[in-house]
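Peer 1:
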Amino acid sequence: MADLSLIRNFSIVAHIDHGKSTLADRILEKTGAVTARELRAQYLDDMDLEREMGITIKANRATVPYKFEGKEYMLNLIDTPGHVDFHYEVSRALAACEGVLVLVDATQGVQAQTVANAYLALESDLEMILVINKIDLPSARAEDMALEAEQVLGLDASEAIFTSGKTGEGIEELFASIIKNIPPPKGDPGAKLKGLIYDAKSDPHRGIVCHTRVFDGSFKRGDKVRLMACDREFIVTDVGKFKPKPTSVPSLSAGEVGYFFAGIKTLADVNIGDTLTLSANPTDELLPGYEAPQQMVFCDFYPGIGSTTDQLRHAMETLWLNDSSFTYQTASSDALGIGFRCGFLGLLHMRIIQERLEREGDVSVMQTAPTVTYEILLKDGTITKIESPSELPDLSNVEEIREPFVDGQLIVPAEFVGAVMQLAMDRRGRHKKTEYLSPTRVMMTYELPLCEIIYDFYDKLKSCTKGYGTADYHMKDFEMGDLIKMDILVNGAPVDALSVIVHRDKAQWRGRKLIERLKKEINRHQFEIPLQAAIGAKIIARETIRAFRKDVTAKCYGGDITRKRKLLEKQKEGKKRMRTVGNVEIPQEAFLSILDPDD
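The numbering of the sequence shown is this note's numbering, which starts it at 7 and goes up by one.
#1: Leaving out five residues on either side along the sequence, give the residues of the same chain with a beta carbon under 6 Å from the beta carbon of S170.
#2: So, using beta-carbon positions, are R434 and L454 closer together than 9 Å?
#3: Check the DSSP bridge columns for Y204 and list the partner residues they point to.
#4: On the CB-based measure, 16 or more other CB atoms within 10 Å of its CB, does Q335 come out buried or exposed?
#5: Nearest CA to the CA of D131: which residue from G414, F16, R67 and F484?
#6: Just checking my contact of I551 with K525 at CB under 8 Å: how many whole Å lie between their CB atoms?
#7: Keeping to the same chain, check which residues put their C-beta closer than 8 Å to that of Y464; ignore five residues upstream and five downstream.
#8: If you draw a straight line from the C-alpha of A101 to the C-alpha of Y204, how long is it?
#9: Counting along the chain, where does the beta strand (DSSP E) carrying V106 start and finish?
#10: Taking just the CA atoms, how far does R238 sit from E291?
#11: As a quick exercise: from Y79, K578, N187 and K491, pick the residue whose alpha carbon is nearest that of D502.
#12: For S402, which beta-bridge partners are listed by DSSP?
#13: If you follow the beta strand (DSSP E) that D85 is in, where does it begin and where does it stop?
#14: Given 8 Å as the limit, is there contact between the region 152–163 and the region 175–184, that is, 3 or more CB pairs closer than that?
#15: Using CA coordinates, which residue listed in I592, V303 and K73 is at the minimum distance from G38?
#16: What residues in its chain sit with their C-beta under 6 Å from that of A420, if we drop five residues either side in the sequence?
#17: Counting Cβ pairs closer than 8 Å, one from the region 339–351 and one from the region 300–307, do we hit at least three?
#18: So A99 and P195 are supposed to be a Cβ contact under 8 Å. How far apart are they, rounded?
#19: Alpha carbon to alpha carbon, how far is R219 from I18? Give it in angstroms, no decimals.
#20: Is it right to say F266 is buried, meaning 16 or more other beta carbons lie within 10 angstroms of its own, or is it exposed?
#21: For H217, which three-state DSSP category applies?
#22: DSSP state of C457, grouped into three classes?
#23: Does DSSP classify G176 as helix, strand or coil?
#24: For the beta strand (DSSP E) containing D483, name the first residue and the last one.
#25: How is S11 classed by DSSP in three states: helix, strand or coil?
#26: Could you check where the beta strand (DSSP E) with N139 kicks off and where it finishes?
#27: Beta carbon of I382, beta carbon of V412: below 9 Å?
#28: Does Q607 pass the burial test, meaning 16 or more other C-beta atoms within 10 Å, or should it be called exposed?
#29: CA-CA distance, I135 and Y461?
#30: Just to confirm my understanding: we take T390, look at its own chain, exclude 5 residues before and 5 after, and list those with CB closer than 8 Å. What are they?
#31: From this set, P87, P500, E549 and Y94, which residue's C-alpha is nearest S331's C-alpha?
#32: Is L273 closer than 9 Å to G264 when the C-beta atoms are compared?
#33: For H21, which of Y125, R67, L10 and E485 has the nearest alpha-carbon?
#34: Closest by CA to F168, which one among E549, E149 and D511?
#35: Whole angstroms are fine: how far does the CA of P395 sit from the CA of S339?
#36: Please go through the same chain and pick out, in chain order, the residues whose beta-carbon is closer than 6 Å to the beta-carbon of T451, but skip the five residues on each side of it.
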């Protein structure tokens with residue numbers, strides 16, 4: 007049984023691209039957990055997509071040994087994602103820790119996601135160590151950034167650790183600070199077993215592997231355990247730790263972090279945040295667990311060229327076993343057939359799921375334009391939520407349409423405040439406050455409609471701040487807005503997958519832009535195709551895709567004009583008949599044109 011005083015559980019949190027995974031690489035290297043031959047960049051990021059995109063998507067963990075002042079300590083490290091879409095992964099990781107390393111880039115300083123993650127650690131009452139990373143860069147201003155972090159986050163700049171995840175400078179000082187400042191875990195190895203399931207993944211050969219942090223008691227292979235929330239019992243077949251490769255151990259006891267297999271077949275049998283206990287001697291107390299991740303963005307996935315609905319369903323079921331943070335349910339469309347309505351944590355999460363479906367499931371996916379959840383107050387007083395414009399009830403029964411608002415923090419250089427204020431105002435933002443973090447950097451707080459920022463707000467923010475602006479947001483509430491449903495008619499028939507809910511002030515402009523883009527994306531057919539944007543029965547914009555036209559009079563040399571006219575009239579009748587029976591092929595680019603950043 008491990009000595010609790012020699013265990014340290016900690017997590018690394020920071021804004022995206024501030025060097026968390028690189029610092030984790032140096033920790034693995036310095037402790038000898040990974041040999042120089044085995045080590046590669048972003049070692050803990052085991053997904054191909056993570057390595058290609060250079061970002062962490064899933065929190066990863068490792069148990070490493072470290073000798074300090076004659077004692078051998080067990081350091082349990084969790085490397086977390088930095089992108090706002092994967093905020094829930096950070097909250098899970100923090101529940102398994104006693105302390106965090108708050109990483110700040112020595113060239114960029116405190117950013118929006120740094121603030122959000124530091125507040126999350128503060129709410130969890132964790133010990134925080136300020137780490138200024140990337141001090142090897144020529145433009146590094148380590149001391150200035152430490153003072154900025156002290157002002158913004160309230161962390162003592164004099165106790166900051168200065169490191170370079172690239173060269174390994176300052177890593178020994180970091181280890182000393184972890185051991186001295188992060189408290190050892192509390193718990194009683196002799197008490198009734200109480201463990202937290204903080205993550206789970208699917209193993210194709212052995213079923214579900216549950217990642218757990220043990221708070222009290224201990225368990226080993228062969229023990230019969232109970233998952234308290236779902237009230238199911240299993241027999242443990244293997245217990246281990248990530249060192250960083252999965253390594254079997256005799257048992258896990260209080261204060262330790264590891265994994266176990268128990269013949270669990272699917273992720274549906276496990277609740278993330280559940281409490282683990284022994285069936286023979288169960289604990290009476292449930293751990294707090296987690297709130298379920300909140301899906302923010304919804305869109306429809308349909309099988310593309312060469313794929314079937316059954317193949318897409320199988321690919322989704324398989325992927326869901328590895329990542330239950332997205333939701334899906336069957337949906338149908340007159341234009342696209344049978345597909346799936348999917349919910350995601352954000353636009354990046356949506357792109358990653360689509361990419362993984364196409365790679366790992368080997369299917370072609372056609373995706374509709376993303377939407378957000380709207381709250382509908384009906385005239386009879388009932389409230390319902392819709393995830394797609396096609397689900398909107400008859401407007402004669404609707405009292406209010408409410409849209410989701412977020413609290414957004416924007417950290418920008420002081421010289422770009424005017425441009426950012428204009429951007430926020432264009433997106434119907436309401437200014438709350440402006441705080442100067444330093445003479446050159448400002449944190450602006452806005453209330454913004456979620457539907458206005460999920461598409462390209464982050465790109466626009468980067469553009470108008472020359473790449474230096476960062477943003478973070480969290481859900482606030484639903485508010486009534488002057489919103490209307492805009493239908494898109496192709497060849498006179500509404501295409502439900504192209505319908506959008508828009509603010510009345512922007513409807514005509516948005517409709518015209520959308521129709522102009524669709525005209526570029528939909529190929530010409532043998533018949534004329536009218537494209538229309540409509541609000542109810544009122545057409546607010548129209549474009550026409552001209553038909554291919556063969557010169558049927560080419561072989562008529564001279565003679566009576568009526569001969570030519572007869573051929574032209576015959577062609578016209580044929581076009582008219584074709585228009586009534588012909589199908590318009592709408593490419594995926596047409597659905598994605600709604601997301602064009604030029605909007």
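Here a beta-carbon is modelled for each residue, glycine too, at the ideal position from N, C-alpha and C.
Remember, it's a predicted structure, so these values are computed and weren't measured experimentally.
Peer 2: Taking the structure as given:
#1: I141 and D142
#2: yes
#3: Answer is none; Y204 lacks a bridge partner.
#4: exposed
#5: F16
#6: 6 Å
#7: A477
#8: 8 Å
#9: G105 to D111
#10: 16 Å
#11: K491
#12: DSSP output for S402 lists no bridge partner at all.
#13: K77 to D85
#14: no
#15: K73
#16: T446 and V448
#17: yes
#18: About 23 Å separates the two Cβ atoms, so there is no contact after all.
#19: 17 Å
#20: buried
#21: strand
#22: helix
#23: coil
#24: T476 to M486
#25: helix
#26: E133 to N139
#27: no
#28: As displayed, the chain neither begins before 7 nor continues past 605, which places residue 607 out of reach and without an answer.
#29: 35 Å
#30: E381, I382, L384 and P399
#31: Y94
#32: no
#33: Y125
#34: E149
#35: 12 Å
#36: Q415, K438 and K439
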